[in-house]
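Colleague: Supplied in structure tokens, the structure appears directly below.
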Ligand SMILES: [Zn+2]
Ligand SMILES: [Zn+2]
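Numbering (this note's numbering), first residue to last: 165 to 392.
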């Protein structure tokens, strides 16, 4: 099983964003735009939004992101408002990718997404995003303890399979590193079909949902699970 969101991957994203920003950000905003990138340097979701915005500037002219706000979040899927200098834009982000969802002012979300994020109606959604200032700020994953720092599911939700923070229900160790899968399956090496069998065994045993105490320590080498 492969861990997602490795440091290398984030570093690659940051480098790409920095190179895009050189062309997109107006001179007078360079410092503030850099600060935002620094704030979200370890946050895959935010970096994905920045990369998308600066790759395909929504108004096809120079602009920059001033802040990110969190419109809704559900099972590792985020609806984020990127507030630029004149307008704000909606992005749907998950580990599967990112989708541009138009200007926040249009306030449009299709029915499936309204249901998924549990908005009662299109009007309820429009009401929720009408005033940008009222939308809570998106917190970097290092700060928001209610999010798994690796796969970004919330407290009480199941990790994405392969998440390095997920705890093994048999030994209490790190599921991607312990030997329980071999013991449970009675094999020495994992094949593709073993992986499926293991998933079934895992479900049967009961997977351990994300809880804030599983968070690895970012600041030091203290206790906690190491994200690799
Ligand atoms: Zn996770
Ligand atoms: Zn184990």
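Using N, Cα and C, we set each Cβ at its ideal position, and we do this for glycine too.
1) Would DSSP call residue 237 helix, strand or coil?
2) Buried or exposed: where does residue 167 fall if 16 or more other Cβ atoms within 10 Å of its Cβ makes it buried?
3) Is the CB-CB distance between residue 332 and residue 344 below 9 Å?
4) When you compare only the Cα positions, how much space is there between residue 206 and residue 174?
5) Taking the beta strand (DSSP E) that residue 318 falls in, what are its first and last residues?
6) What's the gap between the Cα of residue 261 and the Cα of residue 212?
7) Please list, in chain order, all residues of the same chain as residue 385 whose beta carbon is under 7 Å from its beta carbon, the five residues on each side excluded.
8) Please report the Cβ distance between residue 157 and residue 318, rounded to the nearest whole angstrom; I am assuming they are in contact, meaning their Cβ atoms lie under 8 Å.
9) Within the same chain, show all residues whose beta-carbon is closer than 7 Å to that of residue 302, passing over the 5 residues directly before and after it, in chain order.
10) What first and last residue would you give for the beta strand (DSSP E) that runs through residue 213?
11) Within a Cβ cutoff of 7 Å, which residues of the same chain sit near residue 390, ignoring the five residues on either side of it in sequence?
12) Please report the residue range of the alpha helix (DSSP H) in which residue 368 lies.
13) To which residues of the same chain is residue 228 closer than 6 Å at the C-beta, ignoring the five residues directly before and after it?
Modeller: Quick look at the numbers:
1) Within the chain shown, residue 237 is the residue found at index 73, counting from 1. Note: residue 237 maps to strand in three-state DSSP.
2) Here residue 167 corresponds to residue number 3 of the chain shown, with the count starting at 1. Note on residue 167: pLDDT 47, under 50, position unreliable in the model; no value is reported.
3) Counting from one through the chain shown, the residue named residue 332 turns up at place 168. Counting from one through the chain shown, the residue named residue 344 turns up at place 180. Their beta carbons are under 9 Å apart, which means residue 332 touches residue 344 by this criterion.
4) Counting from one through the chain shown, the residue named residue 206 turns up at place 42. Counting from one through the chain shown, the residue named residue 174 turns up at place 10. Distance from the CA atom of residue 206 to the CA atom of residue 174, rounded to whole angstroms, is 7 Å.
5) Along the chain shown, one-based indexing puts residue 318 at 154. No beta strand (DSSP E) holds residue 318; DSSP gives it neither H nor E.
6) By 1-based counting over the chain shown, the position of residue 261 is 97. By 1-based counting over the chain shown, the position of residue 212 is 48. Looking at the two C-alpha atoms, the distance is approximately 8 Å.
7) Translated into positions along the chain shown, residue 385 becomes position 221. Unreliable positioning characterises residue 385 in this predicted model, as indicated by a pLDDT of 39, which lies under 50. The coordinate reading is nonetheless provided below. Contacts found: none.
8) No answer is possible for residue 157: it lies beyond the span of the chain, which begins at 165 and ends at 392.
9) Translated into the one-based positions of the chain shown, residue 302 becomes position 138. Hits under 7 Å: 210, 232, 233, 234, 244.
10) Within the chain shown, the letter at position 49 stands for residue 213. Counting along the chain, residue 213 falls outside any beta strand (DSSP E), though it belongs to the alpha helix (DSSP H) covering 208-219.
11) Residue numbering aside, residue 390 sits at position 226 when the chain shown is read from its first letter. Residue placement at residue 390 is flagged as unreliable, the pLDDT there being 48, under the threshold of 50; a coordinate-derived value is accordingly withheld.
12) Position 204 of the chain shown holds residue 368. Element bounds for residue 368: 356-369.
13) By one-based count along the chain shown, residue 228 stands at place 64. Excluding positions up to five away in sequence, the list reads 189, 193, 197.
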